[in-house]
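One structure is given below, encoded as structure tokens.
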Amino acid sequence: MAAKRLFCETESILTPPLEKKRPRQTFASIIGEVVMGNSLRHLTKALEPLLRRVVCEEVDRSLMRYSRSLTRASSLRIQALEPSSYQLYFVNNVPSKIFTGSKITDVENQALRIAVEDGGGDLPSLISSPVKVEIVALNGDFPGDKQDWTADEFNANIVKERTGRRPLLHGDMNVTLRHGAATIGDIEFTDNSCWIRSRKFRLGARIVPGSDRNKSPRIREAISEPFVVNDHRGELYKKHYPPMLHDKVWRLEKIGKEGVFHRRLNDHNIRTVQEFLQFFTVDQQKLRTILGTGMSERMWEATTKHAKTCELGHKLYLFRGHNFTLFLNPIYQVVQAVIGGRTYTFPELQNIHEGTLKNLRKQAFDNRQWLQDIEGNLSDSLLLLTQGNEESDYNNVMEKSLIISGEVEGRDWDSNSDQIISATFQGHYNYFT
Numbered sequence: 020m021a022a023k024r025l026f027c028e029t030e031s032i033l034t035p036p037l038e039k040k041r042p043r044q045t046f047a048s049i050i051g052e053v054v055m056g057n058s059l060r061h062l063t064k065a066l067e068p069l070l071r072r073v074v075c076e077e078v079d080r081s082l083m084r085y086s087r088s089l090t091r092a093s094s095l096r097i098q099a100l101e102p103s104s105y106q107l108y109f110v111n112n113v114p115s116k117i118f119t120g121s122k123i124t125d126v127e128n129q130a131l132r133i134a135v136e137d138g139g140g141d142l143p144s145l146i147s148s149p150v151k152v153e154i155v156a157l158n159g160d161f162p163g164d165k166q167d168w169t170a171d172e173f174n175a176n177i178v179k180e181r182t183g184r185r186p187l188l189h190g191d192m193n194v195t196l197r198h199g200a201a202t203i204g205d206i207e208f209t210d211n212s213c214w215i216r217s218r219k220f221r222l223g224a225r226i227v228p229g230s231d232r233n234k235s236p237r238i239r240e241a242i243s244e245p246f247v248v249n250d251h252r253g254e255l256y257k258k259h260y261p262p263m264l265h266d267k268v269w270r271l272e273k274i275g276k277e278g279v280f281h282r283r284l285n286d287h288n289i290r291t292v293q294e295f296l297q298f299f300t301v302d303q304q305k306l307r308t309i310l311g312t313g314m315s316e317r318m319w320e321a322t323t324k325h326a327k328t329c330e331l332g333h334k335l336y337l338f339r340g341h342n343f344t345l346f347l348n349p350i351y352q353v354v355q356a357v358i359g360g361r362t363y364t365f366p367e368l369q370n371i372h373e374g375t376l377k378n379l380r381k382q383a384f385d386n387r388q389w390l391q392d393i394e395g396n397l398s399d400s401l402l403l404l405t406q407g408n409e410e411s412d413y414n415n416v417m418e419k420s421l422i423i424s425g426e427v428e429g430r431d432w433d434s435n436s437d438q439i440i441s442a443t444f445q446g447h448y449n450y451f452t
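In the working numbering, the protein residues as written are 20 to 452.
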């Protein structure tokens with residue numbers, strides 16, 4: 020029995036094991052393998068750009084470390100020269116709002132200028148020869164609270180054009196600094212500032228990079244005040260500061276072109292700033308009614324405040340009524356009055372009853388086609404009105420001679436103001452009555 024078991028064991032050893040049968044593939048298993056293969060391919064394609072970028076960044080980082088190690092000595096020498104009291108600066112101020120396609124000027128519409136200054140009061144000898152300066156656009160929030168900055172920080176905040184756009188600044192971006200000063204030529208923005216986080220730009224000026232300046236002290240860059248750049252189409256609706264008498268009335272604050280207030284004013288023949296101010300002087304309540312309840316008190320205050328900054332000039336108007344003569348400025352403020360043969364100058368105008376003066380001013384306004392323009396030279400004597408011995412008759416038209424020599428004064432925009440408006444002139448004029 021033992022031998023038989025040995026034979027069986029030996030036979031089992033010599034006999035090769037039987038191969039396991041392969042599982043039978045089903046349609047579902049085949050579909051699963053295909054889906055798995057597609058997923059792996061998609062994953063590989065998705066990871067490829069990421070892997071490429073990581074490799075490129077690592078290569079760039081290695082090259083940068085290598086280049087810094089090569090230029091370490093010269094870099095240290097430049098950094099040793101970095102602290103300096105020399106600085107470029109903008110001589111005049113850039114407006115707080117400019118438009119694309121328009122020449123960049125200062126607040127008085129004059130050409131921008133740059134110069135170099137030294138905290139010690141002496142200009143560096145290095146600017147005895149011409150120096151190239153580049154004008155660039157900067158982020159509006161740079162340099163923030165910093166009083167000083169490095170050249171690298173300045174360069175890092177230079178704003179370039181958006182992808183697919185023209186260069187952000189166009190024109191004469193390079194100027195030559197001669198004897199420490201230069202005038203900037205025609206430069207303009209080609210894009211607005213709405214896409215910048217701060218919504219504003221600054222102008223910057225720096226010594227042109229690449230110059231051999233390692234042996235000279237650093238001249239710090241110039242940085243202007245921040246400003247907004249709007250699309251040039253907005254210039255068509257730009258408000259004027261200050262407004263002019265002949266400006267369209269929609270140039271005033273809170274009155275939009277072709278808006279509700281603009282149409283209401285046009286319906287009452289109030290088309291210019293001068294006509295708006297004339298109505299404001301003669302009948303303020305009526306003007307307020309014309310604009311309607313849609314104009315809040317805050318809007319009304321903003322509009323009238325803006326209108327009052329208008330420059331009136333020196334022109335005066337003469338109006339002759341029954342037993343009175345008025346001298347008016349372009350917005351119908353009375354600067355002199357002759358009533359019943361008595362001359363009233365400031366502050367004597369305050370002695371006239373406000374209702375009476377308002378009524379006389381209203382007559383002049385309603386009969387403004389009879390106003391006479393008066394312009395003359397300045398002098399410092401009293402106003403003298405000479406009339407003939409003939410009795411005045413408002414209904415009879417007669418030529419009279421008016422001799423005016425002196426100073427005429429009047430109160431400002433309302434009777435509560437203590438500010439005096441004065442205009443003086445001298446001349447010999449004819450008028451009709």
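Glycine included, every Cβ here is placed at the ideal spot set by N, Cα and C.
About 6 Å separates the Cβ atoms of PHE295 and ALA326, confirming a contact at the 8 Å cut-off. Taking one beta carbon from each stretch, the stretch 243 to 258 and the stretch 215 to 225 have 3 or more pairs nearer than 8 Å; the two touch.
The way I'd put it, the stretch 251 to 271 does touch the stretch 327 to 336; three or more beta-carbon pairs between them come closer than 8 Å. Residue pairing by DSSP places LYS267 opposite THR291 in a beta bridge. Within the DSSP secondary-structure output, LEU347 pairs in a beta bridge with TYR336, VAL353. Counting C-beta pairs closer than 8 Å gives fewer than three between the stretch 150 to 160 and the stretch 282 to 299, which falls short of the contact rule. The beta carbon of PHE208 is closer than 6 Å to those of THR119, VAL248 in its chain, skipping five residues each way along the sequence.
By the CB criterion at 8 Å, ILE133 and ILE226 fall outside the cutoff. Taking the C-beta atoms as reference points, VAL353 is found nearer than 8 Å to LEU376.
Of the candidates PHE298, PRO236, LEU310, ASP137, the residue whose Cα lies closest to the Cα of GLY275 is LEU310. The alpha carbon of ASN386 has as its nearest neighbour, out of HIS198, VAL113, VAL301, the alpha carbon of VAL301.
Comparing C-alpha distances from ARG339 to each of PRO228, TRP389, GLU277 shows the shortest one belongs to TRP389.
Judged by their CB atoms, LEU337 and PHE346 are nearer to each other than the 8 Å cut-off.
DSSP, reduced to helix, strand and coil, places ILE371 outside both helices and strands of the structure shown, so it counts as coil. The beta carbon of VAL126 is closer than 8 Å to those of ASN111, ASN112, VAL113, PRO114 in its chain, skipping five residues each way along the sequence. Secondary structure note for PHE118: its beta strand (DSSP E) is the uninterrupted segment 116 to 118.
Put simply, of ASN378, THR169, GLU76 the residue whose alpha carbon is nearest the alpha carbon of SER104 is THR169.
Following the DSSP letters along the chain, one finds ILE154 inside the beta strand (DSSP E) bounded by residues 150 to 158. In the three-state reduction of the DSSP assignment, ALA130 falls in the coil class, being assigned neither a helical nor a strand state. No residue range can be given for ASP210, since it is assigned to no alpha helix (DSSP H) and is classified by DSSP as neither H nor E.
For the pair HIS281 and ASP164, the Cα-to-Cα distance works out to about 43 Å. DSSP places GLN166 in the coil class of the three-state scheme, outside both helix and strand.
Straight across, the Cα-Cα distance linking GLU180 with ASN193 is about 18 Å.
For ARG283, the enclosing alpha helix (DSSP H) begins and ends at 279 to 286. In the three-state DSSP reduction, THR362 falls in the strand class (E or B). Of all alpha-carbon atoms in VAL178, GLU76, GLU240, the one lying nearest the alpha-carbon of LEU107 is that of GLU240. Going by DSSP, ILE203 is part of no alpha helix (DSSP H) at all; its letter is neither H nor E.
Taking each of PRO228, GLU277, GLY159 in turn and checking the Cα distance to TRP214, the smallest one comes out for GLY159. DSSP places LEU107 inside the beta strand (DSSP E), whose first and last residues are 105 to 109.
Nearest neighbour of VAL178 by Cα position, chosen from ASP191, SER212, THR195, PRO149, turns out to be SER212. In the DSSP assignment, ILE226 is bridged to VAL152. Comparing alpha-carbon positions, the option among GLN293, THR323, VAL292 lying closest to ARG307 turns out to be THR323. Straight-line measurement puts the Cα of THR124 at about 24 Å from the Cα of LYS267. Non-local beta-carbon contacts of ALA130 in its own chain, meaning distances under 7 Å to residues more than five positions away in sequence, involve THR124, THR202, ILE203 in chain order. Following the DSSP letters along the chain, one finds ILE393 in no alpha helix (DSSP H) but inside the beta strand (DSSP E) bounded by residues 391 to 393.
No Cβ-Cβ contact shorter than 8 Å links LEU271 with PRO349.
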